[in-house]
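Numbering (this note's numbering), first residue to last: 157 to 646.
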């Protein structure tokens, strides 16, 4: 009799949970961290691929699985500042209601961290929180892989997708009594990472549905943030509409992130690409969709007026392609896993644009193959399936909306007059760490082996990197007083 194998679907983008009949996690962990088993070994001998990748990286960093690194904590004032800056303070009530009140008799801790892994909220059953305090999991802690090993918050931040980390999948042995479920939350205006929602429970009480619950809560938080941003845009529109009625010629009003509140005499556009130096850096900017524009500040927004009328130089007119591409310098910045960015500088102006993970993958592949790639080749590189060309073409069509003549096709490639470079992370394994694309995984390995190099990034004007506020570092043995760490520039 022929047996059929049953397959279960997991939520899109989520990491698979360990199989009930899988290997003894504690034994696998001991072997991997002790050097007796490759951390990224095969499915029969090692952990899940995403866990194995994390363990291998931490072994390269020399993180002690029995101690971790020096704990980093923020003071109360900085925690409060980061709560407001993250925007997640607007949705904390919804998250409490949807998570803490929805899990029945399963004891758990709700933790919410910002995009840098600092725990900003930490709530739940008192006795359980005391247990978490003993491993340093409390408000103000920086819960990233470099400090505390493989964990729900840090590994979800690094991978950019929902994660479950069960028991001995944690790199630190002191965390093996826990199971964590985490899901990223993105800011709807910019698409940037706002933070991570995490549920932690004793390993023996963990339930598979908690991952889906966490993902649902993250989507609910994003929906609430989106509703609040739309309300703010509506308020700006009430100011913009009467103003535009008095303006001679085409104009539009946008918020600080480029989202359009109102327009007059111009084709509809949802959002303008931001100037690389920000709206307030000059009174005239070149914008990809409009050309040269005069910019004036408004309350909570900006008035944007094309210098030349659409009749003289219509947005999207192909006559401007040569000006856009001739001598243009394009920089793909992949140094921060949570914030891939594209910067372009040319005769027509300078601008930057945050990228989705998929667009970052595509641009990386094109940057490392200047001769171009067909849709089938890109589908094979991204999905291991050359038949998935429809998805590839749709994503490239979206890219060409703002890259225009910088991106050619048949085959897909950068225009020959464009200088393209990639700014990659110091550790090759940090290159788009959330990507499971076969070509990206191969590229990481080849970069680590030194057999290939990323194309050197051109010198593109970029805004100065923000300086992070000081952090308090506490030695793990408790034998030294807290010291103030030097501010780091990201």
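All C-beta atoms, glycine included, are put in the ideal place defined by N, C-alpha and C. Keep in mind the model is a prediction, meaning the values are calculated, not measured.
- request: Determine the closest residue to residue 562 out of 180, 549, 519, 295, with distance taken between C-alpha atoms.
  value: Reading the chain shown from its first residue, position 406 is the one you call residue 562. Comparing Cα positions, the closest option is 519.
- request: Enumerate in chain order the residues of its own chain whose CB-to-CB distance from residue 591 is below 6 Å, with the five nearest sequence positions on each side excluded.
  value: The residue given as residue 591 occupies position 435 in the chain shown. Result list for residue 591: 517, in chain order.
query: Are there 16 or more other CB atoms within 10 angstroms of the CB of residue 578, so buried, or fewer, so exposed?
result: Numbered from its first residue, the chain shown carries residue 578 at position 422. Result: buried.
N- and C-terminal bounds of the alpha helix (DSSP H) containing residue 184: Locating residue 184 in the chain shown gives position 28, where the first residue counts as 1. Where residue 184 is concerned, the enclosing alpha helix (DSSP H) stretches over 181-189.
query: Under the three-state reduction of DSSP, which class applies to residue 365: helix, strand or coil?
result: Working through the chain shown from its first residue, we reach residue 365 at position 209. Looking at residue 365 - three-state DSSP - the assignment turns out to be helix.
- request: Quickly, what does DSSP pair residue 336 with across the bridge? List them, please.
  value: Translated into the one-based positions of the chain shown, residue 336 becomes position 180. In DSSP, residue 336 forms a bridge with 321, 356.
query: For residue 507 and chain C, any beta-carbon pair shorter than 9 Å?
result: As a matter of chain content, chain C is missing from the structure shown, which is built from one protein chain.
message: Whether or not the segment 285-303 and the segment 224-237 are in contact is what I'm after, with contact meaning three or more pairs of Cβ atoms, one per stretch, closer than 8 Å; do they touch?
response: yes
message: For residue 381, count the other beta carbons within 10 Å of its own beta carbon; 16 or more makes it buried, fewer makes it exposed. Which is it?
response: On the chain shown, residue 381 is found 225 positions in, with the first residue counted as 1. Buried, since its Cβ has 16 or more Cβ neighbours within 10 Å.
Own chain, CB closer than 6 Å to residue 468, minus 5 neighbours either side, in chain order: For the purposes of this step, residue 468 is identified with residue 312 of the chain shown, where counting begins at 1. Caution applies to residue 468, whose pLDDT of 48 falls short of 50 and renders its modelled position unreliable; the model cannot decide the point.
- prompt: Which partner residues of residue 280 appear in the DSSP bridge assignment?
  reply: The residue you call residue 280 lines up with position 124 of the chain shown. 265, per the DSSP bridge assignment.
message: Starting from residue 525, trace the alpha helix (DSSP H) in both directions and tell me its first and last residue.
response: Here the question's residue 525 lines up with position 369 in the chain shown. Taken as a continuous stretch (DSSP letters only), residue 525 belongs to no alpha helix (DSSP H), as it is neither H nor E.
message: Using only CA atoms, which one of 574, 611, 571, 515 lies nearest to residue 593?
response: Reading the chain shown from its first residue, position 437 is the one you call residue 593. Looking at the Cα atoms, 515 is the closest of the given residues.
- prompt: Fully enclosed by the segment 417-462, which beta strand (DSSP E) runs are 3 residues long or longer?
  reply: 440-443, 447-454, 457-462
- request: Can you tell me the Cβ-Cβ gap for residue 376 and residue 242, rounded? I've got them flagged as a contact below 8 Å.
  value: The count along the chain shown starts at 1 and reaches residue 376 at position 220. The count along the chain shown starts at 1 and reaches residue 242 at position 86. With a Cβ gap of about 16 Å, residue 376 and residue 242 do not count as contacting.
- request: Tell me, please, which residues DSSP counts as bridged to residue 666.
  value: The structure shown does not extend to residue 666, since the chain spans only 157 to 646, so no value can be given for it.
- prompt: Between residue 393 and residue 409, what straight-line distance do the alpha-carbon atoms span, to the nearest angstrom?
  reply: Mapped onto the chain shown, residue 393 falls at position 237. Mapped onto the chain shown, residue 409 falls at position 253. Each residue's alpha carbon lies about 8 Å from the other.
task: For residue 509, write down the residues that DSSP places opposite it in a beta bridge.
output: As a position in the chain shown, residue 509 is number 353, starting the count at 1. 498.
task: Taking only the alpha-carbon atoms, compute the straight-line gap between residue 551 and residue 513 and give it to the nearest angstrom.
output: In the chain shown, counting from the first residue as 1, residue 551 sits at position 395. In the chain shown, counting from the first residue as 1, residue 513 sits at position 357. C-alpha separation (whole angstroms): 11 Å.
- prompt: Since residue 305 and residue 338 are thought to touch, with beta carbons under 8 Å apart, how far apart are those beta carbons, to the nearest angstrom?
  reply: On the chain shown, position 149 is the one that residue 305 refers to. On the chain shown, position 182 is the one that residue 338 refers to. 14 Å between Cβ atoms; not a contact.
query: Hey, would you say residue 281 sits closer than 9 Å to residue 181, going by beta carbons?
result: For this step, residue 281 is matched to residue 125 along the chain shown. For this step, residue 181 is matched to residue 25 along the chain shown. Cβ distance not < 9 Å, so residue 281 and residue 181 don't count as in contact.
field: Sub-9 Å separation of residue 357 and residue 264 beta-carbons
entry: Working through the chain shown from its first residue, we reach residue 357 at position 201. Working through the chain shown from its first residue, we reach residue 264 at position 108. Yes, Cβ-Cβ distance for residue 357 and residue 264 is below 9 Å.
message: DSSP has residue 566 in a bridge; who is on the other side?
response: Counted from its first residue, the chain shown places residue 566 at position 410. Partner(s): none; residue 566 has no beta bridge.
- request: Give me the Cα-Cα distance between residue 366 and residue 355, rounded to the nearest whole angstrom.
  value: One-based indexing of the chain shown puts residue 366 at position 210. One-based indexing of the chain shown puts residue 355 at position 199. Near 8 Å, if we compare the C-alpha coordinates of residue 355 and residue 366.
message: Please report the distance separating the alpha-carbon of residue 428 from that of residue 415.
response: By one-based count along the chain shown, residue 428 stands at place 272. By one-based count along the chain shown, residue 415 stands at place 259. Spanning the two alpha carbons is a distance of roughly 6 Å.
task: Assuming residue 205 contacts residue 211 (C-beta within less than 8 Å), just tell me the rounded distance between them.
output: Locating residue 205 in the chain shown gives position 49, where the first residue counts as 1. Locating residue 211 in the chain shown gives position 55, where the first residue counts as 1. Between residue 211 and residue 205 the Cβ distance is about 11 Å, and since that is not below 8 Å, they are no contact.
DSSP bridge partner residues for residue 297 (one or two, in chain order): The sequence position of residue 297 within the chain shown is 141, counting from 1. Paired residue(s): 229.
- request: Can you say whether residue 303 is buried or exposed, counting buried as having 16 or more other CB atoms within 10 angstroms of its CB?
  value: Sequence index remark: in the chain shown, residue 303 carries index 147 (1-based). Buried, since its Cβ has 16 or more Cβ neighbours within 10 Å.
- prompt: If we count the other Cβ atoms within 10 Å of its Cβ and call it buried at 16 or more, is residue 188 buried or exposed?
  reply: Residue mapping note: residue 188 aligns to position 32 of the chain shown, counting from 1. Residue 188 comes out buried.
query: Looking at residue 385 and residue 344, is the spacing between their C-beta atoms short of 9 Å?
result: As a working note, residue 344 is residue 188 in the chain shown. As a working note, residue 385 is residue 229 in the chain shown. Against a cut-off of 9 Å, the Cβ pair of residue 385 and residue 344 comes out as a contact.
- request: Go through its chain and collect everything with a Cβ distance to residue 292's Cβ below 6 Å, but skip five positions before and after it.
  value: Counted from its first residue, the chain shown places residue 292 at position 136. Here the set comprises 227.
- prompt: Apart from the five residues just before and just after residue 400, which ones in its own chain have a Cβ nearer than 7 Å to its Cβ?
  reply: Counting from one through the chain shown, the residue named residue 400 turns up at place 244. Same-chain partners within the cutoff: 407, 409, 418, 420.
Closest by C-alpha distance to residue 422, when choosing among 434, 363, 449, 411: For this step, residue 422 is matched to residue 266 along the chain shown. When only C-alpha atoms are compared, the closest one is 449.
message: Please classify residue 565 as buried or exposed, where buried requires at least 16 other C-beta atoms within 10 Å of its C-beta.
response: Locating residue 565 in the chain shown gives position 409, counting from the first residue. Residue 565 comes out exposed.
message: On the DSSP letters alone, give me the boundaries of the beta strand (DSSP E) that residue 408 sits inside.
response: Residue numbering aside, residue 408 sits at position 252 when the chain shown is read from its first letter. 407-410 is the span of the beta strand (DSSP E), which, as asked, contains residue 408.
message: I need the DSSP call for residue 531, collapsed to helix, strand or coil.
response: Within the chain shown, residue 531 is the residue found at index 375, counting from 1. Residue 531: helix per DSSP, three-state reduction.
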